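J.: The structure's right below; bear with me while I get my questions together.
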Ligand code: SF4
Ligand code: SF4
């Protein structure tokens, strides 16, 4: 039997189809202004027996496809537990939000925290700043790691940080140094959330921002953690949802 | 409903258009949140009726009372003793402050980062939409949190009849003496307002009426310990909200009638949810009408609220007054004893509140606690962290929510609350 999980975030939609807990197919697309329409399209042509939805838009799917739903907290916890069983802490930095989930040994959720009120500290922030500095997003982290001088960005707010960046550029600061400062400001937010919930030796890092090597390094150095990043960190929620689809069916 | 109350509202000086808008929102919200629930106790019909007439029939009753010489006193805090008002021929009404209104005007008087409750109390005044406020012969403020204390200084210029009561901040002998002195001062002020002196009999009677009202809500609270829960948290909250402005004796009878019905339901194991629905205790800032956002999110996510550790709830209604005293002073002492136990977060230290939360979680068999703090409310937000830590030690899952009256964060809150409820399953 094939089980599908769909994760409808505010910026992107991910679908994973699993058979015997292995991913057999996956898709990604933008959420756009009409999430239901985009979700339909993303699901089109996929074959599966049961579907489970998660993410901000889960309720749209619930009504349209009569599918069960779970929150992204539960979906990420489930996906992470399957991919990296020894983990007790999950960090997810996605396009529009950032969350930390702490698990009991059994895999049950102990505590969680989310920042979903503004773009500061999320992938969106990094995207905006990368484009202000003229980096393609994939090279932003590598650029930052090539920094030579330490500078600090004080603003957490995207709008103010951007004007701070512009004034640093006009002062002639090196672009890699500015990039590093921006990464540090995002990392600071995640680190303080991780500290509040407490960590335990290792960290599972999910979401699009996990692909950014500089973020990984900053977080693992600061907290002295072994950081595990799955192959496709954006798919963790959808993968978890597909596993939960299977469990809820059985 | 069919009756035209517009002349009455206009006589009270309400802004009729703004008031229509408020009633419209209120009516819609009520229908969506309350009337859409299934398997409600029959007795809730009374409260549906009260809500539909909240600015109509009840105001008319109050105005009729006034015509017969009674005075109306409005209050913003559970520290203002209704017993004394009743004993001196006055009716005490809790002023609600549970909705955002006239925000732009409010921000000409108060900084933006003032808690929503205080802002709302100004909004109702400035927007001229609260018939209770406009019928009141006396409005009682109290020195509780800093926000309220300073806001009353400003409110004093906006209303003609503000009376401010001082409230101690420490549960010491001196603190108790202050409260007693302030209750005597209040008694005299009410006597002056009504021209009626408080007697031993009238005070006893006042105590009896309010004790009965409290006993009825205690009875309701206990019945919610049953599994499956016989009444939704929203409906029980509504009863606790109506506590503040209904005629006390009628209220008592109506709550007792619901309790009779709930007892039968419990016998028949007829609940509003299944036995497996997670049970949540709500704790924190007061929830005044029509602030139903968080309870609605919680219960529409599949959990049931089994108690409110709140001033609109058990913190406000707990304990009755010993009415065996044989002099006014003995009764006043008993009254002070009861009120002095209210464990509002403005007190320091305030260990009693923490104990009470733990006790309630146990008594009502809650699977978890949701702590509700209004943004910018220092007393409760600061207490929420030690509360969470203490509950964590007892392995009671806790979720801290910080929000206000706007609807902007409903999506985010829903995700948090649903995730918390998944955690309880
Ligand atoms: S929370 Fe404190 S200030 Fe507010 S109503 Fe209760 S006792 Fe009064
Ligand atoms: S909610 Fe907090 S800040 Fe607001 S009036 Fe009550 S105690 Fe004061």
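Chains as they are written, first to last, in this note's numbering: chain A, 248 to 497; chain B, -7 to 417. The beta-carbon is built from N, C-alpha and C at its ideal position, and this holds for glycine as well. Note that the structure is a prediction, hence the values are computed from the model and not measured.
State the DSSP-derived secondary structure class of residue 159 of chain B, mapped to helix, strand or coil.
T.: Looking at residue 159 of chain B - three-state DSSP - the assignment turns out to be coil, as it is neither helix nor strand.
J.: When the distance is taken between beta carbons, is residue 446 of chain A closer than 7 Å to residue 465 of chain A?
T.: It is not a contact, given that the beta carbons lie outside the stated cut-off.
J.: Whose beta carbon lies closer than 7 Å to any heavy atom of ligand 2, going through the chain in order?
T.: Result: B/107, B/109, B/110, B/136, B/137, B/139, B/140, B/277, B/278, B/337, B/338, B/366, B/368, B/369, B/370, B/371 and B/372.
J.: What I want to know is whether the C-beta of residue 433 of chain A ends up closer than 6 Å to one or more non-hydrogen atoms of ligand 1.
T.: Checking the Cβ of residue 433 of chain A against ligand 1 gives no.
J.: Residue 186 of chain B by DSSP, collapsed to three states: which one?
T.: Residue 186 of chain B: helix per DSSP, three-state reduction.
J.: Check whether chain B comes within 7 Å of residue 328 of chain A, counting only Cβ atoms and requiring the distance to be less than that.
T.: Closer than 7 Å: no.
J.: Could you spell out where the beta strand (DSSP E) holding residue 348 of chain A opens and where it closes?
T.: Residue 348 of chain A -> beta strand (DSSP E) spans 345 to 350.
J.: List, in chain order, every chain A residue whose beta-carbon is nearer than 8 Å to that of residue 407 of chain B.
T.: Ordered by position in chain A, the residues that pass the 8 Å Cβ test against residue 407 of chain B are 303, 318, 319, 320, 361 and 363.
J.: Give me the chain A residues within the contact set of residue 394 of chain B, using Cβ-Cβ distance strictly less than 8 Å, ordered along the chain.
T.: Within 8 Å Cβ-Cβ: nothing; residue 394 of chain B doesn't reach chain A, min ~11 Å.
J.: Consider the C-beta atom of residue 317 of chain A and the heavy atoms of ligand 1; say whether any pair is separated by less than 6 Å.
T.: Residue 317 of chain A: no, Cβ never under 6 Å from ligand 1.
J.: Could you work out which residue in B/409, B/253 and B/343 is closest to residue 378 of chain B when comparing CA atoms only?
T.: Selected option, being the one with the closest Cα: B/343.
J.: Could you name the residues of chain B that residue 356 of chain A contacts, counting a contact when the two beta carbons are closer than 8 Å?
T.: Ordered by position in chain B, the residues that pass the 8 Å Cβ test against residue 356 of chain A are 411, 414 and 415.
J.: Straight-line CA distance for residue 460 of chain A to residue 497 of chain A?
T.: If I take the Cα positions, the gap works out to 39 Å.
J.: Is the closest heavy atom of ligand 3 to the C-beta of residue 303 of chain B under 6 Å?
T.: With respect to small molecules bound, the structure shown includes ligand 1 and ligand 2 and not ligand 3.
J.: Can you give me the Cβ contacts of residue 358 of chain B inside the same chain, cut-off strictly under 8 Å, excluding the 5 residues immediately before and after it?
T.: Within the same chain, residue 358 of chain B has close Cβ partners 271, 272, 273, 298, 299, 352 and 388.
J.: To which residues does DSSP link residue 216 of chain B through a beta bridge?
T.: In the DSSP output, where bridge partners are listed per residue, residue 216 of chain B has none listed.
J.: In angstroms with no decimal places, state the Cα-to-Cα distance between residue 333 of chain B and residue 304 of chain B.
T.: One C-alpha to the other measures close to 16 Å.
J.: For the candidate residues B/191, B/55, B/183 and B/112, whose alpha-carbon lies nearest to that of residue 318 of chain B?
T.: With distances taken between Cα atoms, residue 318 of chain B lies closest to B/191.
J.: According to DSSP, is residue 412 of chain B helix, strand or coil?
T.: Looking at residue 412 of chain B - three-state DSSP - the assignment turns out to be helix.
J.: Can you list the residues of chain A that residue 404 of chain B reaches, using a CB-CB cut of under 8 Å?
T.: Correct list: 361, 363 and 364.
J.: Out of A/438, A/439, A/377 and A/444, which one is the CA nearest neighbour of residue 413 of chain A?
T.: Answer by Cα proximity: A/377.
J.: Count the C-beta pairs between the stretch 298 to 313 of chain A and the stretch 477 to 494 of chain A that are closer than 8 Å, then say yes if the count reaches three, no if not.
T.: Short answer: they touch.
J.: Distance, Cα to Cα, residue 8 of chain B vs residue 1 of chain B?
T.: Those two C-alpha atoms are separated by around 7 Å.
J.: Consider the C-beta atom of residue 70 of chain B and the heavy atoms of ligand 1; say whether any pair is separated by less than 6 Å.
T.: Checking the Cβ of residue 70 of chain B against ligand 1 gives yes.
J.: Under 6 Å Cβ to Cβ from residue 345 of chain B, same chain only, skipping five residues before and after it: list those, please.
T.: Answer for residue 345 of chain B: 335, listed in chain order.
J.: On the three-state DSSP scale, how would you describe residue 202 of chain B?
T.: Residue 202 of chain B: helix per DSSP, three-state reduction.
J.: Cβ atoms of residue 338 of chain B and residue 100 of chain B: under 7 Å apart, would you say?
T.: Their beta carbons are not under 7 Å apart, which means residue 100 of chain B does not touch residue 338 of chain B by this criterion.
J.: If you pair each beta-carbon of the stretch 223 to 233 of chain B with each one of the stretch 355 to 370 of chain B, do three or more pairs fall below 8 Å?
T.: Taking 8 Å as the limit for Cβ pairs, the verdict is that the stretch 355 to 370 of chain B does not touch the stretch 223 to 233 of chain B.
J.: Quick one: using the 10 Å Cβ neighbour count with 16 as the cut-off for buried, is residue 321 of chain B buried or exposed?
T.: Flag for residue 321 of chain B reads exposed.
J.: What does the alpha-carbon distance come out to for the pair residue 266 of chain B and residue 31 of chain B?
T.: If I take the Cα positions, the gap works out to 12 Å.
J.: Closer than 8 Å by C-beta to residue 248 of chain A: which residues in its own chain qualify, once you throw out the five before and the five after it? Chain order, please.
T.: Within the same chain, residue 248 of chain A has close Cβ partners 266, 296, 297, 493 and 496.
J.: Between A/393, A/255 and A/323, which has its C-alpha nearest residue 423 of chain A's C-alpha?
T.: Ranking A/393, A/255 and A/323 by Cα distance to residue 423 of chain A puts A/393 first.
J.: What number of angstroms, rounded off, separates the C-alpha of residue -7 of chain B from the C-alpha of residue 326 of chain B?
T.: In this prediction, residue -7 of chain B scores a pLDDT of 48, lower than 50, which makes its location untrustworthy; the coordinate-derived value is nonetheless stated afterwards. Those two C-alpha atoms are separated by around 42 Å.
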